[in-house]
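Asker:
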Amino acid sequence: MCGILGYIGKEQVAPLLLKGLEKLEYRGYDSAGVAILDGERLNVTKTKGRLKVLSELLKQGKEIQGTVGIGHTRWATHGEPSDVNSHPHLSESGKFAVVHNGIIENYLHLRDFLADNGKKFLSETDSEVIAQLLEYYDTGDLLETVIKVKEKLEGSYALGIICRDNPDRIVAVRKDSPLIIGVGRGENFIASDITAIVSKTKTIIRLKDGEIAILEAENIKLYDKHKTELKKDISTIDWNISEAKKEGYEHFMFKEIMEQPKVIGDTISPRIRDEEIILDKINLSKEYLENINKIYIIGCGSAFHVGCIAKYIFEKLLRKSVEVDIASEFRYRDPIVNKDVLVIAISQSGETADTLAAVRESRKLGARVLSIVNVVGSSIANESDDVIYTWAGPEIAVATTKAFSTQLAIVYLLALYMSKKLGKIENKDYFEYIAELLSLSSKIETILKEKENIREFALDHYSTEDVFFIGRNLDYALSLEGSLKFKEISYIHSEAYAAGELKHGTISLIEKGTLVVAIAAQDALVEKMISNIKEVKARGARVLGITTQKNADIKKVCDFTFCIPEICNLLKPSLTLIPLQLLAYYVASERGCDIDKPRNLAKSVTVE
Ligand code: F6R
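First residue of the sequence shown? That's 478 in this note's numbering, and the numbers climb one at a time after it.
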């Protein structure tokens, strides 16, 4: 989604913004622009297309002088990707420039109001109304003007504002869209994402909803809507810059796939002490767990798929009923949630608009919300009753891999923790699961060493047009993720199907040469899977089977088989996932796709 970067200090700002905006490319965008103050004038350059087009227009930043500026990468929502719809947007006289992330929901009403008052609009965007409102309500006092405009806006926004008459200031405001302030020495930054500024400073202020920040080169002040100055909550981020670099890998996605043994270890090991699971500061008492009658899991995309796998795990280990919902559906269907329901929200970014709204809705309905989040201090983390962080480090590729694996790892830890508290698990089984969990890293490592086998298969199948991912039980839940990963980066149509369900309609699509990926790792269901594989083979499908050595019979019915190391059935999704990620990656790579930034997608989906 859109990205914001702003700078005030002593450096020439144009090259700095170009470089910093590159770090936001991974979020997904279709146009980019900058507004720069050179002391007297406010210069805006913006264009449809990649940052290199903007960089050429700006002669790599040498074209415009100035040490104060704001920049933006846009992911189109209101109006097609075009030069004029790109940000920054200027007010009619050119006095104010604005960059905006989010959606102004009442923009049509505001636009009509401004048009009736003589303002002319150049773009189709919702964001341009903000620039025009600033000019319309201009009192000559920048803070006062911003407060007035803020009162008129409905929806979500992170804003960076500069004004020709205040060439030594940047204003930042947010509501339901992330924005941070980077604190430097003689220079300060605003950014929608830490990655844009981490090479410059690790000292940050996370702007809270409704706060207004006025940045000068040597000073930062925060205000509320009554112009009262607020206390600054300064923190330090413990990010290693190398985590946000490719480090010799061709793509972030591949680097992140390869990092999984480490991050799984980082997420699990510190939480197991003397064979006890310690979930940070969380305490879910036996009484509380006994009283909840349902667990609701919510998330979007891959996070939702973690929830689908988690349903099997929680139901098996807790014998409590679990419902899984796509966050955007949950919030508008009057869910049956109350104080007797535990809601688990899953999100890598912690900023997904629908998941955040579902968290708020659940808490309003009286439920306790526990979130599983990767980005520390993100909105979902802040607004939940309890948070368990996945320690996956920054995930840059749009398609999630290591965050998914660590979310799943937390699900296992949480389910075992709750099962033990409820007395639903024998000690012997509990200790076995703990040992298996601790073996995950090295088993993933073993799979990654065999990646060449998957690559060879991908080289033979990258021009396929349709793929079906099938499985039963946990293997089916995982196939949902296998299919999403495959289609989102390779642009090949794919579907996930419960293997037993195929013959109720979808099998009519299987014809000679159709590729089927059959995940057949659940021991008790292998025989059933063999029958389902035979059904598609009989109609001409080519089948890649993913299983374990123990179930090598699968080899007899598949065209190609990949075996994962042995592990208990419950933990198998953590291993079968890896060949599916590799398959998606190698196929997309062979097709020359933009793997880290697939078309139309964004890393952090902060709009509904
Ligand atoms: C797919 C993918 C997305 C995200 C989804 C939720 O590879 O990454 O489907 O899982 O947009 O994002 P978060 O986890 O940030 O809430």
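Think of the CB as a built atom: it goes at the ideal place given N, C-alpha and C, for glycine as much as any other residue.
1. Can you check whether the CB of Ile772 is closer than 8 angstroms to the CB of Leu819?
2. Are Arg651 and Leu684 touching if we call contact CB-CB under 8 angstroms?
3. Using DSSP bridges, identify the partner residues of Val801.
4. DSSP three-state label for Thr877, please.
5. Buried or exposed: Ala1015, going by 16 or more other Cβ atoms within 10 Å of its Cβ?
6. For Phe945, which beta-bridge partners are listed by DSSP?
7. Take every Cβ of the region 893-904, pair it with every Cβ of the region 1013-1027, and state whether three or more of those distances are shorter than 8 angstroms.
8. Between the region 539-552 and the region 493-511, can you find at least three pairs of beta-carbon atoms closer than 8 angstroms?
9. Taking the DSSP output, what are the residues bridged to Ser1008?
10. State the start and end residues of the unbroken beta strand (DSSP E) segment that holds Asn594.
11. DSSP state of Thr672, grouped into three classes?
12. If you check the beta carbons only, do Ile803 and Cys777 fall under 8 angstroms apart?
13. Can the beta-carbon of Ile1055 be found less than 8 angstroms from the beta-carbon of Val1034?
14. Identify whether His938 lies in helix, strand or coil by the three-state DSSP scheme.
15. Could you round the C-beta distance between Leu630 and Ile647 to whole angstroms and report it? I think they count as a contact, below 8 angstroms.
16. Figure out for me which residue from Tyr613, Asp615, Tyr584 has the closest Cα to the Cα of Ser600.
17. Grab the span of the alpha helix (DSSP H) containing Asp507 for me, first residue to last.
18. Any heavy atom of the ligand F6R inside 7 angstroms of the beta-carbon of Gln825?
19. So does Val1082 have its beta carbon nearer than 7 angstroms to some heavy atom of the ligand F6R?
20. Quick one: Cα of Val490 to Cα of His566, how far?
21. What residue range does the beta strand (DSSP E) around Arg651 cover?
22. Can you tell me the Cβ-Cβ gap for Ile759 and Ile865, rounded? I've got them flagged as a contact below 8 angstroms.
23. Just checking, does the region 942-954 make contact with the region 993-1013 on the three C-beta pairs under 8 angstroms criterion?
24. Just confirm the distance between the C-beta atoms of Ser563 and Lys625, as a whole number of angstroms; I'd bet it's less than 8 angstroms.
25. When every heavy atom of the ligand F6R is checked, does at least one fall within less than 7 angstroms of the C-beta of Thr829?
26. Entirely within the region 544-578 and at least 4 residues each: give me those alpha helix (DSSP H) ranges in chain order.
27. Does the region 524-541 come into contact with the region 504-516, if we say contact requires no fewer than three beta-carbon pairs (one atom in each stretch) closer than 8 angstroms?
28. In its own chain, which residues sit with a C-beta less than 6 angstroms from the C-beta of Thr1003, not counting the 5 before and 5 after it?
29. So Asp1073 and Ala874 are in contact, right, with Cβ under 8 angstroms, and what is the actual spacing, rounded?
30. So Gly959 and Leu1057 are in contact, right, with Cβ under 8 angstroms, and what is the actual spacing, rounded?
31. Confirm the yes/no value for this check: CB of Gly776, any heavy atom of the ligand F6R, distance under 7 angstroms.
32. Taking DSSP as the reference, what is the three-state secondary structure of Ser824?
33. Whose CA, out of Pro558, Ala553, Thr522, lies closest to the CA of Ile541?
34. Given that a residue counts as buried once 16 or more other Cβ atoms are within 10 Å of its Cβ, and exposed if not, what is Asp615?
35. Mind checking Pro1050: buried by the 16 CB within 10 Å criterion, or exposed?
36. Alpha carbon to alpha carbon, how far is Glu860 from Arg837?
Answerer: Let me spell this out:
1. yes
2. yes
3. Ile774
4. coil
5. exposed
6. Glu972, Val993
7. no
8. yes
9. The partner list for Ser1008 (beta bridge, DSSP) is empty, contrary to what the question assumes.
10. Counting along the chain, Asn594 falls outside any beta strand (DSSP E), and DSSP gives it neither H nor E.
11. helix
12. yes
13. no
14. helix
15. With a Cβ gap of about 18 angstroms, Leu630 and Ile647 do not count as contacting.
16. Tyr584
17. Neither: Asp507 is in no alpha helix (DSSP H) and is coded neither H nor E.
18. yes
19. yes
20. 18 angstroms
21. 647-652
22. 7 angstroms
23. yes
24. In fact, because the Cβ distance is near 26 angstroms, the residues do not count as touching under 8 angstroms.
25. yes
26. none
27. yes
28. Position check: residue 1003 holds Val in this sequence, whereas Thr was assumed. The residues are Ala997, Asn1028.
29. 5 angstroms
30. 4 angstroms
31. yes
32. strand
33. Thr522
34. buried
35. buried
36. 7 angstroms
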